[in-house]
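Numbering (full-length UniProt numbering), first residue to last: 1 to 477.
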């Protein structure tokens with residue numbers, strides 16, 4: 001566990017070691033990986049090779065990791081050539097991965113079924129072992145990741161370094177469009193979830209696909225001469241939006257929170273309905289830097305998203321013994337795991353634990369909630385839906401029916417309280433990180449790290465949360 005250092009000092013240190021942790025899991029820039037094993041620009045999920053073996057590249061994990069590098073590239077104002085090269089190497093790698101025939105299918109059939117293959121070997125060859133396939137979230141996440149990078153190249157008036165990628169139109173036609181074809185076909189079909197355990201329809205996958213279609217339409221309008229394909233994107237977007245808001249059961253009137261897997265919720269296999277995947281869906285389907293995404297529902301200030309966070313924290317406050325000292329102190333964040341029914345311990349199935357990804361993502365959500373309120377100058381209504389959440393860590397004076405007007409003392413206290421509450425979740429990360437390292441999980445009894453070591457996604461999630469903390473606190477300095 002972390003030594004007893006000041007929280008602000010730890011934040012400064014963690015910003016550095018988490019970014020270094022990301023880079024150490026990328027071929028060609030790592031201090032620890034063998035360049036002959038892991039090619040330049042390939043992102044492994046973890047250097048762990050047994051119990052569990054995460055020494056592979058996942059479409060989803062890689063796309064989300066590159067999100068972090070793109071944020072850092074933006075903060076360099078486009079001047080960081082190392083990051084620029086890595087991002088383009090990632091895109092090049094995925095051009096080749098898309099075209100590999102695999103156990104999910106091929107690139108050459110009508111709907112490009114092979115694009116749903118979830119993971120590949122570190123040398124960019126096919127993985128032929130048993131796995132939960134297909135997984136339909138990765139291609140959509142890849143579309144949005146590439147869209148973010150293209151947006152920055154335009155913003156900073158830069159071209160591509162890569163001869164293969166050449167220009168935006170080439171990237172759209174050869175990489176983005178195939179993913180859009182796949183997403184447009186798969187949006188209403190079962191696939192495995194981001195935790196790779198169940199085949200069904202999932203809120204996270206649907207939201208990732210909706211964001212991808214939104215981004216894809218913007219690119220298609222610029223570069224695609226096939227009007228029928230553009231019309232297909234628009235119609236699929238409309239159908240998927242209705243599916244998410246009404247038809248799928250994610251947004252059930254009978255429940256105050258989002259239902260991540262409605263089919264499994266109703267058949268009793270996931271009877272709680274709550275899942276940290278919902279938090280991740282809200283975060284990754286919206287992006288303030290590159291678009292407001294106002295047309296995409298369930299942003300961080302949505303009552304059902306906030307209620308999902310509340311339900312998760314209430315459940316896990318009591319579920320994990322390491323939270324016992326905070327069980328009745330609702331002003332303090334707690335260690336968060338994936339979902340109440342979880343049994344995965346990082347190697348096999350027995351007793352599940354909290355995850356760094358999940359805990360840090362709750363922190364990020366509250367930072368982004370405060371950031372959105374302040375930058376958009378939004379008033380905020382306390383309702384019967386969100387009253388219990390905000391009363392729990394702010395105070396009983398927040399009653400349903402009250403309106404917090406932007407700029408008032410009451411509003412400012414509310415925003416600052418959300419930032420402070422987010423800090424308490426990062427404090428949990430601080431308490432259980434070990435000497436600059438983050439695994440996948442930390443033990444629910446003693447907090448010792450377990451599961452895959454040096455998990456790339458853990459580093460990315462914590463780095464993202466710290467970044468949003470800096471951006472949000474800067475608004476009030």
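Built from N, CA and C at the ideal position, the CB exists for glycine as well.
Run through the region 22 to 109 for me and flag every whole alpha helix (DSSP H) of 4 or more residues, listed as ranges in chain order. 59 to 75, 81 to 98
Practice task
Write down the C-beta distance between residue 303 and residue 383 rounded to the nearest angstrom, noting that I regard them as a contact closer than 8 Å.
Solution key: As a position in the chain shown, residue 303 is number 303, starting the count at 1. As a position in the chain shown, residue 383 is number 383, starting the count at 1. That pair is a contact at about 6 Å.
Alpha carbon to alpha carbon, how far is residue 320 from residue 428? As a first step, residue 320 is located in the chain shown; it is residue number 320 there, counting from the start. As a first step, residue 428 is located in the chain shown; it is residue number 428 there, counting from the start. Roughly 13 Å between the two C-alpha positions.
Worksheet item: What distance in whole Å lies between the Cβ atoms of residue 15 and residue 463, which are believed to be in contact at a cut-off of 8 Å?
Response: As a first step, residue 463 must be located in the chain shown, where it is residue number 463. As a first step, residue 15 must be located in the chain shown, where it is residue number 15. 7 Å between Cβ atoms; contact.
Taking Cβ positions, are residue 72 and residue 19 nearer each other than 8 Å? If you number the chain shown from 1, residue 72 lands on position 72. If you number the chain shown from 1, residue 19 lands on position 19. Yes.
Buried or exposed for residue 409, going by 16 or more other Cβ atoms inside 10 Å? Stepping through the chain shown from its first residue, residue 409 is reached at position 409. Looking at its Cβ environment, which holds fewer than 16 other Cβ atoms inside 10 Å, residue 409 is exposed.
Span of the alpha helix (DSSP H), counted from its first residue to its last, around residue 383: As a position in the chain shown, residue 383 is number 383, starting the count at 1. Where residue 383 is concerned, there is no enclosing alpha helix (DSSP H), given that its DSSP letter is neither H nor E.
**Prompt:** For the candidate residues 369, 216, 43, 297, whose alpha-carbon lies nearest to that of residue 144?
**Reply:** Taking the first residue of the chain shown as position 1, residue 144 is located at position 144. Cα-wise, what sits closest to residue 144 is 216.
Own chain partners of residue 152 with C-beta closer than 7 Å, once the 5 adjacent residues on each side are dropped: Residue mapping note: residue 152 aligns to position 152 of the chain shown, counting from 1. Counting only Cβ-Cβ distances below 7 Å, and skipping sequence neighbours, we find 70, 73, 74, 78.
#### Entry: Integer-rounded CB distance, given that residue 207 should sit under 8 Å from residue 136
As a first step, residue 136 is located in the chain shown; it is residue number 136 there, counting from the start. As a first step, residue 207 is located in the chain shown; it is residue number 207 there, counting from the start. No, residue 136 and residue 207 are not in contact; Cβ-Cβ is about 12 Å, not under 8 Å.
ask   = Which residues does DSSP pair with residue 184 in a beta bridge?
value = In the chain shown, the residue the question calls residue 184 occupies position 184. Bridge partners of residue 184: none, in fact.
Practice problem: Rank 129, 399, 241, 474 by C-alpha distance to the C-alpha of residue 367 and give the top, closest one. | Solution: In the chain shown, residue 367 corresponds to position 367, counting from 1. For residue 367, the nearest C-alpha among the options comes from 474.
inquiry  = Contact defined as beta carbons within less than 8 Å: I believe residue 114 pairs with residue 104. What is the distance between those atoms, to the nearest angstrom?
reply    = Mapped onto the chain shown, residue 114 falls at position 114. Mapped onto the chain shown, residue 104 falls at position 104. Their Cβ separation, rounded to whole angstroms, is 5 Å, which keeps residue 114 and residue 104 in contact under 8 Å.
Straight-line Cα distance separating residue 54 from residue 128: Your numbering for residue 128 matches position 128 in the chain shown. Your numbering for residue 54 matches position 54 in the chain shown. When rounded, the distance between both Cα atoms is 15 Å.
Item to check | Backbone CA spacing between residue 348 and residue 28 [nearest angstrom] | outcome: Here residue 348 refers to the residue found at position 348 when the chain shown is read from its first residue. Here residue 28 refers to the residue found at position 28 when the chain shown is read from its first residue. Straight-line Cα distance between these residues: approximately 32 Å.
_Within 8 Å, strictly: CB atoms of residue 296 and residue 285_ = Taking the first residue of the chain shown as 1, we reach residue 296 at position 296. Taking the first residue of the chain shown as 1, we reach residue 285 at position 285. Result yes, Cβ atoms of residue 296 and residue 285 sit closer than 8 Å.
Item to complete: Just list the alpha helix (DSSP H) runs in the region 303 to 378, keeping only unbroken ones of 4 residues or longer that don't cross its boundaries, in chain order.
Response: 303 to 319, 356 to 375
Per DSSP, the bridge partner or partners of residue 192:
Taking the first residue of the chain shown as position 1, residue 192 is located at position 192. DSSP lists 199 as partners of residue 192.
Inter-stretch contact (C-beta, 8 Å, three-pair minimum) for the region 243 to 263 and the region 174 to 185:
no
Do you know how far the Cα of residue 41 is from the Cα of residue 313? Taking the first residue of the chain shown as 1, we reach residue 313 at position 313. Taking the first residue of the chain shown as 1, we reach residue 41 at position 41. Going by the C-alpha atoms only, they are around 37 Å apart.
Next on the checklist: Please report the straight-line C-alpha distance between residue 68 and residue 84, rounded to a whole angstrom.
Outcome noted: Position 68 of the chain shown holds residue 68. Position 84 of the chain shown holds residue 84. Computed Cα separation, rounded: 12 Å.
Here's a check: name, in chain order, each residue in its chain whose Cβ is nearer than 6 Å to the Cβ of residue 175, leaving out the five neighbours to either side.
Here residue 175 corresponds to residue number 175 of the chain shown, with the count starting at 1. Once the five neighbours on either side are set aside, the close Cβ partners of residue 175 are 95.
Beta-ladder partner(s) of residue 284, from DSSP
As a first step, residue 284 must be located in the chain shown, where it is residue number 284. Residue 284 is not bridged to any residue.
*asked:* With distance defined between alpha-carbon atoms, name the residue in 456, 38, 50, 13 nearest to residue 93.
replied: Taking the chain shown and counting its residues from 1, the one referred to as residue 93 is at position 93. The option with the nearest alpha carbon to residue 93 is 38.
* What is the DSSP secondary structure of residue 166, reduced to helix, strand or coil? -> Translated into positions along the chain shown, residue 166 becomes position 166. The answer is coil: DSSP assigns residue 166 none of H, G, I, E or B.
Could you give the residue range of the alpha helix (DSSP H) that holds residue 448? Position 448 of the chain shown, counting from 1, holds the residue named residue 448. No alpha helix (DSSP H) holds residue 448; DSSP gives it neither H nor E.
(Q) Less than 8 Å between the beta carbons of residue 199 and residue 132, yes or no? (A) Walking along the chain shown from the start, residue 199 turns up at place 199. Walking along the chain shown from the start, residue 132 turns up at place 132. For residue 199 and residue 132, yes; Cβs fall inside 8 Å.
Exposed or buried, residue 244, counting other C-beta atoms within 10 Å across all chains shown (16 or more means buried)?
As a first step, residue 244 must be located in the chain shown, where it is residue number 244. Residue 244 is buried by the Cβ-count criterion.
Query - residue 227, DSSP secondary structure in three states - result: On the chain shown, residue 227 is found 227 positions in, with the first residue counted as 1. Of the three classes helix, strand and coil, the one that applies to residue 227 here is helix, per DSSP.
Next item on the list: Counting only the same chain and skipping the five closest in sequence on each side, list residues whose C-beta sits under 6 Å from that of residue 205.
Entry: Counting from 1 along the chain shown, the entry for residue 205 is found at position 205. The answer, listed in chain order, is 136, 137.
Looking at the unbroken alpha helix (DSSP H) that takes in residue 300, where does it start and where does it end?
Locating residue 300 in the chain shown gives position 300, where the first residue counts as 1. Premise fails: residue 300 is in no alpha helix (DSSP H) and is neither H nor E.
- Report, in whole angstroms, the separation of the C-beta atoms of residue 380 and residue 404, which I expect to be a contact under 8 Å. Sequence index remark: in the chain shown, residue 380 carries index 380 (1-based). Sequence index remark: in the chain shown, residue 404 carries index 404 (1-based). Contact holds; Cβ gap of about 5 Å.
Residue 416: which of 159, 393, 218 sits nearest, CA to CA? If you number the chain shown from 1, residue 416 lands on position 416. The shortest C-alpha separation from residue 416 is found at 393.
Just how far apart, CA to CA, sit residue 219 and residue 170? Within the chain shown, numbered from 1, the residue matching residue 219 stands at position 219. Within the chain shown, numbered from 1, the residue matching residue 170 stands at position 170. Rounded to the nearest angstrom, the two C-alpha atoms are 11 Å apart.
For this session: Please state whether DSSP places residue 410 in a helix, a strand or coil.
Result: The residue given as residue 410 occupies position 410 in the chain shown. Here residue 410 sits in helix by DSSP.
Could you give the C-beta distance for residue 341 and residue 270, rounded to a whole number, given that I count them as a contact under 8 Å? As a working mapping, residue 341 is identified with position 341 in the chain shown. As a working mapping, residue 270 is identified with position 270 in the chain shown. At roughly 6 Å, the Cβ-Cβ gap stays under 8 Å, so residue 341 and residue 270 are in contact.
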